[in-house]
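Structure, as structure tokens:
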Amino acid sequence: MKNIFTLFAIVLLLTSCGGNEKITLRSSVGKVNKVMVVTKASDWNGDIGKEIRNSFGELMVGLPQPESLLSVSQVAPNGFGNMMKVGRNIMIIGVGDEEQYYVKKDVYAQPQTIVYVYAKDRAGVVKMFKKHEKEIIKTFIESDISMVQHLFAKHKLDDSQFKTLQNLGISLTINKNFNTVDDTGDFLWLRQHLSSGIAKTGSNNILVYSVPLEDETKVADSIVAVRNRIGKKYIPGSDPETMHMITEKAYTPFTFDAVIDGKKAYETRGKWEVKNDFMAGPFLNYTVVDKKNNRLVIFEGFTYAPSVNKRAFLFELEAIAKSMKIK
424 MKNIFTLFAI
434 VLLLTSCGGN
444 EKITLRSSVG
454 KVNKVMVVTK
464 ASDWNGDIGK
474 EIRNSFGELM
484 VGLPQPESLL
494 SVSQVAPNGF
504 GNMMKVGRNI
514 MIIGVGDEEQ
524 YYVKKDVYAQ
534 PQTIVYVYAK
544 DRAGVVKMFK
554 KHEKEIIKTF
564 IESDISMVQH
574 LFAKHKLDDS
584 QFKTLQNLGI
594 SLTINKNFNT
604 VDDTGDFLWL
614 RQHLSSGIAK
624 TGSNNILVYS
634 VPLEDETKVA
644 DSIVAVRNRI
654 GKKYIPGSDP
664 ETMHMITEKA
674 YTPFTFDAVI
684 DGKKAYETRG
694 KWEVKNDFMA
704 GPFLNYTVVD
714 KKNNRLVIFE
724 GFTYAPSVNK
734 RAFLFELEAI
744 AKSMKIK
């Protein structure tokens, strides 16, 4: 009997050790939109590194200051030790025995995304990277979106308190640092005061509302007109009689196809300003085609943070927008 209990204990111990491998992964570290590239210094300083920096360094549209899509740093393979392996976003790239491109999750830490790119020579590595560059960028951005949403879910604002969201049948994962500016039942305005660095006098803002769906073929062309109309009605300046939010006239917004909650949507990035005033900043607008309810559901985030970079602030608003669920 004693031997049976001993054997059972050993089996249980082995099973526990084998089954908890993922649970015991270390927590990953790293800034949002930052990628660590593991490659030889000679490759980083040559065509491979140049291609990576050009691709990841593409400027994000709609920002007042030039900011890249992704920031990058480099570490040599022999320097990729335990401390480096806890990075959240990693790309391992270089010459290998065969051409390979694949993605792995939670290899050394959690959450973690590692992209692997190999080819038989340096020219092949560049070609392989260029072939998958858009997919690679999308992979890292979506990974960070998921991470931010997960963090916000831990400290989530109870969105059932907002009349507008209830009336529109919408739920969002919003971090609890946002406060209500306006909630009419048809229009919601939330604001988060920024408390870091020079931006402590600034704010991140969320607007949610809907308008009737009239002509689906003209939705993309009507986005600026709709936001200007809403700005005039709900977003006043210091003098409500003469000042209100408008789309900056000197900068043409960019509109892209998108998908929100499985529905066709349009993502628009541009700059806002207050008419007859000096306030301005970037905005991010998602206009969702909700055919079931014959309407357009609109989420807009805009940032006011003078004299500081705004990519990270807008990225948080993007993560909130992409958490949208429509009944």
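In the working numbering, the protein residues as written are 424 to 750. Heads up, the beta-carbon is just placed ideally off N, CA and C, and yes, glycines get one too.
task = Just the C-alpha distance for Phe-722 and Tyr-632, rounded to the nearest angstrom, thanks.
result = As a working mapping, residue 722 is identified with position 299 in the sequence shown. As a working mapping, residue 632 is identified with position 209 in the sequence shown. So the alpha carbons of these two residues sit roughly 7 Å apart.
ask   = In or out: Arg-652 buried (at least 16 other Cβ within 10 Å) or exposed?
value = The residue you call residue 652 lines up with position 229 of the sequence shown. Arg-652 comes out exposed.
ask   = Is Val-458 helix, strand or coil by DSSP?
value = As a working mapping, residue 458 is identified with position 35 in the sequence shown. Looking at Val-458 - three-state DSSP - the assignment turns out to be strand.
query = How is Met-747 classed by DSSP in three states: helix, strand or coil?
reply = Your numbering for residue 747 matches position 324 in the sequence shown. The answer is coil: DSSP assigns Met-747 none of H, G, I, E or B.
inquiry  = Along the chain, where does the beta strand (DSSP E) containing Arg-627 start, and where does it finish?
reply    = As a working note, residue 627 is residue 204 in the sequence shown. For clarity, residue 627 is Asn in the given sequence; the question names Arg instead. Element bounds for Asn-627: 626-635.
ask   = Going by DSSP, what residues sit across from Pro-659 in a beta bridge?
value = Counting from one through the sequence shown, the residue named residue 659 turns up at place 236. Looking at the DSSP assignment, Pro-659 forms a beta bridge with His-667.
message = Please state whether the Cβ-Cβ distance between Thr-678 and Thr-665 is less than 7 Å.
response = Walking along the sequence shown from the start, residue 678 turns up at place 255. Walking along the sequence shown from the start, residue 665 turns up at place 242. Not a contact, by the Cβ cut-off of 7 Å.
inquiry  = Met-570 and Val-538 - do their beta-carbons sit closer together than 7 Å?
reply    = Working through the sequence shown from its first residue, we reach residue 538 at position 115. Working through the sequence shown from its first residue, we reach residue 570 at position 147. Contact: no.
Straight-line Cα distance separating Arg-511 from Ile-471 = Reading the sequence shown from its first residue, position 48 is the one you call residue 471. Reading the sequence shown from its first residue, position 88 is the one you call residue 511. Straight across, the Cα-Cα distance linking Ile-471 with Arg-511 is about 22 Å.
query = Distance, Cα to Cα, Gly-519 vs Phe-503?
reply = Reading the sequence shown from its first residue, position 96 is the one you call residue 519. Reading the sequence shown from its first residue, position 80 is the one you call residue 503. So the alpha carbons of these two residues sit roughly 17 Å apart.
task = Rank Leu-630, Pro-635 and Ile-564 by C-alpha distance to the C-alpha of Val-458 and give the top, closest one.
result = Position 35 of the sequence shown, counted from the start, is the residue given in the question as residue 458. Of the listed residues, the one whose Cα sits closest to Val-458 is Ile-564.
request  = Keeping to the same chain, check which residues put their C-beta closer than 6 Å to that of Gln-572; ignore five residues upstream and five downstream.
outcome  = The sequence position of residue 572 within the sequence shown is 149, counting from 1. Result list for Gln-572: Thr-596, Ala-742 and Ser-746, in chain order.
task = Measure the CB-CB distance between Gly-592 and Lys-454 and report whether it falls below 7 Å.
result = As a position in the sequence shown, residue 592 is number 169, starting the count at 1. As a position in the sequence shown, residue 454 is number 31, starting the count at 1. Not a contact, by the Cβ cut-off of 7 Å.
request  = Report the rounded CA-to-CA distance for Glu-490 versus Ile-475, giving the unit in angstroms.
outcome  = As a working mapping, residue 490 is identified with position 67 in the sequence shown. As a working mapping, residue 475 is identified with position 52 in the sequence shown. Those two C-alpha atoms are separated by around 16 Å.
key: For Ala-703 and Lys-694, believed in contact at Cβ under 8 Å, the rounded distance   = Mapped onto the sequence shown, residue 694 falls at position 271. Mapped onto the sequence shown, residue 703 falls at position 280. Yes, Lys-694 and Ala-703 are in contact; Cβ-Cβ is about 6 Å, under 8 Å.
query = Which residues share a DSSP beta bridge with Pro-418?
reply = Because the chain here runs from 424 to 750, residue 418 falls outside it and cannot be looked at.
inquiry  = I believe Lys-599 touches His-578 by the beta-carbon criterion, under 8 Å. Please report the beta-carbon distance rounded to the nearest angstrom.
reply    = In the sequence shown, counting from the first residue as 1, residue 599 sits at position 176. In the sequence shown, counting from the first residue as 1, residue 578 sits at position 155. Between His-578 and Lys-599 the Cβ distance is about 5 Å, and since that is below 8 Å, they are a contact.
request  = Tell me Met-514's beta-bridge partners as DSSP assigns them.
outcome  = As a first step, residue 514 is located in the sequence shown; it is residue number 91 there, counting from the start. In the DSSP output, where bridge partners are listed per residue, Met-514 has Val-460 and Val-538.
inquiry  = Would Val-458 pass as an interface residue toward chain E - the criterion being a Cβ-Cβ separation below 7 Å?
reply    = Note that chain E does not occur in the displayed structure, where there is just one protein chain.
ask   = What is the C-beta distance between Asp-582 and Leu-574, in whole angstroms, given that I count them as a contact (C-beta under 8 Å)?
value = Here the question's residue 582 lines up with position 159 in the sequence shown. Here the question's residue 574 lines up with position 151 in the sequence shown. Not a contact, Cβ separation roughly 16 Å.
key: Nearest to Met-668 (by Cα), restricted to the options Val-697, Lys-686, Val-642 and Met-551   = Stepping through the sequence shown from its first residue, residue 668 is reached at position 245. Taking only the C-alpha atoms, the option nearest Met-668 is Val-697.
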